[in-house]
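Asker:
This is the structure we're talking about:
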């Protein structure tokens, strides 16, 4: 009897693995609940991408509803969404702040100088549109890790108190804006600032 039980263990393990893989195959990774939702933006002190004499902290999110957009010039989808984000900024006064990181600062991908990155950013924003009030330069990607970012583009809708209220993985297009983000955005515009202690 024990022999039969021992022999069935690999079969049970295999069945569990199939169920796990099947679930992963048909699930939408963009629909996963973010661990950062309803939490304050993590602490950071980072420079402005185009003017490193300016430094930002989470205070930049206070008193304004903001969409923090994670992007890079290496991201094709980021380029595709820039015109629509620029449209939202110009037509609906949506506040976008960029969180920029560059793969080519990583030794595994190559090396770039800051002036080279700045030139590439200016070229891309000139070509496709610039929705950003400013860009925070996440040099070591530490803030990206703290936010649980898996790639780009990703977006964090932040309320007037600096709390993340919605995390969207992927681009923002007209359908995503109308069906998912705008309803929450409009609600947050009406909310007063909440005083919350940072964790």
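In the UniProt record's numbering, the protein residues as written are 1 to 199. Glycine residues also receive a C-beta, built at the ideal position from the N, C-alpha and C atoms. Quick caveat: nothing in here was measured; it's all calculated off a predicted structure.
Rounded to the nearest angstrom, what separates residue 44 and residue 143 at their Cα positions?
Answerer: 7 angstroms
Asker: Would you identify the three-state DSSP class for residue 62, choosing helix, strand or coil?
Answerer: strand
Asker: Can you give me the Cβ contacts of residue 61 inside the same chain, cut-off strictly under 7 angstroms, excluding the 5 residues immediately before and after it?
Answerer: 41, 158 and 162
Asker: Considering only the beta carbon of each residue, do residue 54 and residue 100 sit closer than 8 angstroms?
Answerer: Going by C-beta atoms, residue 54 is not nearer than 8 angstroms to residue 100.
Asker: Under the assumption that residue 128 contacts residue 83 (Cβ atoms under 8 angstroms), give the Cβ distance between them as a whole number of angstroms.
Answerer: Contact between residue 128 and residue 83 is confirmed by a C-beta separation of about 6 angstroms, below the 8 angstroms threshold.
Asker: Report yes if the C-beta distance between residue 50 and residue 118 is below 8 angstroms; otherwise report no.
Answerer: For residue 50 and residue 118, yes; Cβs fall inside 8 angstroms.
Asker: Return the CA-CA distance between residue 180 and residue 120, expressed in angstroms with no decimal places.
Answerer: 31 angstroms
Asker: Out of 172, 48, 69 and 58, which has the shortest C-alpha to C-alpha gap to residue 156?
Answerer: 69
Asker: Mind checking whether residue 138 and residue 81 have CB atoms under 8 angstroms apart?
Answerer: no
Asker: Taking only runs that begin and end inside the UniProt domain "Thioredoxin" (35-186), name each unbroken alpha helix (DSSP H) of 4 or more residues, in chain order.
Answerer: DSSP assignment within the UniProt domain "Thioredoxin" (35-186) yields the following whole alpha helix (DSSP H) runs of 4 residues or more, N-terminal first: 76-92, 114-128 and 142-147.
Asker: Assuming residue 193 and residue 63 form a contact by the criterion Cβ under 8 angstroms, report the distance between their Cβ atoms to the nearest whole angstrom.
Answerer: 6 angstroms
Asker: Quick check: residue 160 and residue 65, are their CB atoms within less than 8 angstroms of each other?
Answerer: In contact: residue 160 and residue 65 (Cβ atoms closer than 8 angstroms).
Asker: To the nearest angstrom, how far is it from the Cα of residue 31 to the Cα of residue 169?
Answerer: Unreliable placement is indicated for residue 31, whose pLDDT of 41 sits below 50; the coordinate value is still reported in the next sentence. Straight across, the Cα-Cα distance linking residue 31 with residue 169 is about 8 angstroms.
Asker: Give me, in chain order, the residues of the same chain whose beta-carbon lies closer than 8 angstroms to that of residue 59; leave out the 5 immediate sequence neighbours on both sides.
Answerer: 162
Asker: With burial defined as no fewer than 16 other Cβ atoms inside 10 Å of the residue's Cβ, what is the status of residue 108: buried or exposed?
Answerer: A caution first: residue 108 carries a pLDDT of 49, below 50, which makes its placement in the model unreliable, though a value can still be read off. Counting Cβ neighbours within 10 Å, residue 108 comes out exposed, since fewer than 16 surround it.
Asker: How would you call residue 79, buried or exposed, if buried means at least 16 neighbouring beta carbons within 10 angstroms?
Answerer: buried
Asker: So residue 274 and residue 77 are supposed to be a Cβ contact under 8 angstroms. How far apart are they, rounded?
Answerer: Outside the modelled stretch of the chain, which goes from 1 to 199, sits residue 274, for which no answer is possible.
Asker: Note down the Cα distance separating residue 134 from residue 190, rounded to an integer number of angstroms.
Answerer: 24 angstroms
Asker: By Cβ distance, which residues of its chain are closer than 8 angstroms to residue 174, with the 5 residues on each side in sequence left out?
Answerer: 84
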